[in-house]
Each structure stands twice: as structure tokens, then as C-alpha cells.
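Each remark here refers to the structure printed beneath this line.
Protein chains in written order, with this note's numbering: chain A, 1 to 116; chain B, 117 to 228.
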């Protein structure tokens with residue numbers, strides 16, 4: 001059981017280049033999330049999805065786009081990378097959050113991105 | 117403003133030396149508080165969920181407690197393999213859904 005898988009694990013980009021981070025989950029979770037983690041700060045939500053074909057902005061969405069064409073996949077795109085986007089990116093998934101059920105998130109291993 | 121603060125930032129213990137990590141929060145509409153463990157180069161791994169003040173949960177050498185303003189993660193007789201960063205996250209009810217706020221974490225080092 002793979003859980004949440006992210007690719008690539010490491011990447012170096014030049015300013016202005018574009019790339020897509022891939023996330024796949026095999027737990028049939030409805031919700032998927034993209035976070036970034038920076039030193040001294042908590043995980044910050046970039047975008048999330050509550051189901052196939054739906055996406056929504058999180059806390060820090062500027063400079064990123066996402067797509068969820070299939071339930072098991074959630075893609076994060078950087079159209080024109082900037083040094084401020086140097087970070088570790090985590091994808092996560094969870095069952096549907098409801099007023100009666102509060103479920104934990106399952107995280108991938110992370111993608112370490114450096115923009116020079 | 118919603119805020120989650122973890123202290124200390126780093127904690128160094130000798131093997132067997134019990135201690136506690138703190139997570140204080142100012143969030144309205146609390147739905148639950150999560151604790152995660154994160155090893156270097158890995159993603160966070162779920163430990164506990166607490167829902168209401170007075171609730172406690174245990175797992176091996178770890179025990180999490182919750183009050184109306186803070187949560188503690190007690191580590192009893194820690195071992196070197198307990199070394200990791202421990203993250204606290206608070207989930208709050210908001211219009212149209214939920215909001216999860218993460219603390220910056222406490223890095224725990226346990227020396228043999």
C-alpha cells in the first residue's frame with residue numbers, strides 16, 4: 001500500500017521556468033491538499049480539492065495552479081518560478097471532513113524545490 | 117487572528133528523561149487538535165486527534181492532553197528513536213468548511 005506518492009523528490013529550477021509536481025494517492029480519499037513548509041513556519045496550505053474536478057485556494061495560492069482531473073491525482077503547477085517559491089512541498093489526502101467526522105491527513109514524502 | 121504556537125522550538129533530552137511539549141492556540145470554533153510526528157526528509161505522520169477539553173490519548177511513550185487553550189504532548193522515558201519534529205495542528209469550523217492551522221513544530225533530540 002503506497003499511500004501518498006509525490007514526484008519528483010528533488011528539483012532545481014531557474015527563475016522563470018515552469019514545472020508540475022505530481023501527487024497520487026491510493027486510499028480513495030475525497031480530499032487532497034498541497035502545502036509548503038518553510039523553516040520556522042508551520043505548514044501553509046496552497047490549494048486543496050474536495051473532490052474530482054474541484055479545486056479551491058488555500059492560505060498562500062499566488063504563483064501556483066492546481067488540477068484534479070482524477071480522484072487519485074492532484075497536480076501542482078508553477079508557471080513562472082521565483083526564488084520565493086524555494087521550499088519543501090507536501091501533498092496530503094484525507095477522507096471527507098464533516099461536522100461529525102474529523103479525519104487526519106496522510107502526507108507524502110515531500111518535494112524539495114530550489115529556485116535559483 | 118487564528119494562531120498556533122508551539123514551545124519550545126527545540127528540546128534536548130537524555131534517554132529516560134521525561135518532559136512535555138506545548139501547543140497553545142487562539143482559534144474560535146475548535147473542531148479538533150492533531151499531533152503529528154515528522155522525521156527528517158519525511159512527511160508528517162499522524163499520532164493523535166483530540167476533540168474536547170479534558171480528553172487524553174496515549175500511544176507507547178506518548179500521551180496527549182487538551183485544555184481550552186493548549187495541548188501538551190508528554191513523553192515518558194524517551195528513547196533516541198523518539199527524536200523527531202512534533203507538529204501540532206488545530207482544525208476550526210469556518211463558513212463553508214474547515215480551516216487547519218499548523219504550528220511551527222518542536223524539534224526533539226533524545227541522546228543515548
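Glycine included, C-beta positions come from ideal geometry on N, C-alpha and C.
Item: Closest Cα partner of residue 52(A) within the set 79(A), 29(A), 16(A) and 105(A); Value: 29(A)
Item: Residue closest to residue 111(A), alpha-carbon to alpha-carbon, out of 90(A), 50(A), 66(A) and 57(A); Value: 90(A)
Item: Pairwise C-alpha distance: residue 227(B) and residue 68(A); Value: 44 angstroms
Item: Contact under 8 angstroms by Cβ, residue 169(B) with residue 184(B); Value: yes
Item: As assigned by DSSP and simplified to three states, the class of residue 154(B); Value: strand
Item: Contact belief for residue 35(A) with residue 22(A) at Cβ below 8 angstroms, rounded distance in angstroms; Value: No, residue 35(A) and residue 22(A) are not in contact; Cβ-Cβ is about 15 angstroms, not under 8 angstroms.
Item: Proximity test, Cβ basis, 8 angstroms: residue 41(A) and chain B; Value: yes
Item: Per DSSP, cross-strand counterpart(s) of residue 19(A); Value: 78(A)
Item: Interfacial residues, the stretch 130-161 of chain B to chain A, with Cβ spacing under 9 angstroms; Value: 147, 148, 150, 152, 154, 157, 158, 159, 160 and 161
Item: Three CB pairs or more closer than 8 angstroms across the stretch 71-90 of chain A and the stretch 125-133 of chain B; Value: no
Item: With 16 other Cβ atoms within 10 Å as the buried cut-off, status of residue 41(A); Value: exposed
Item: Rounded C-alpha distance that separates residue 128(B) from residue 88(A); Value: 25 angstroms
Item: CA-to-CA distance, residue 103(A) to residue 97(A), given in whole angstroms; Value: 6 angstroms
Item: Cβ pair count under 8 angstroms reaching 3, the stretch 191-207 of chain B against the stretch 139-150 of chain B; Value: yes
Item: C-alpha distance - residue 137(B) paired with residue 125(B), whole-angstrom precision; Value: 9 angstroms
Item: CB of residue 178(B) within 8 angstroms of CB of residue 166(B), strictly; Value: no
Item: Test item: CB-CB of residue 160(B) and residue 224(B) under 8 angstroms; Value: no
Item: Range of the contiguous beta strand (DSSP E) that encloses residue 181(B); Value: 178-182
Item: Neighbour-count burial assignment, residue 2(A), 16 or more Cβ in a 10 Å radius; Value: exposed
Item: Contacting residues, own chain, Cβ-Cβ under 7 angstroms from residue 198(B) (five flanking each side not counted); Value: 177, 191, 224 and 226
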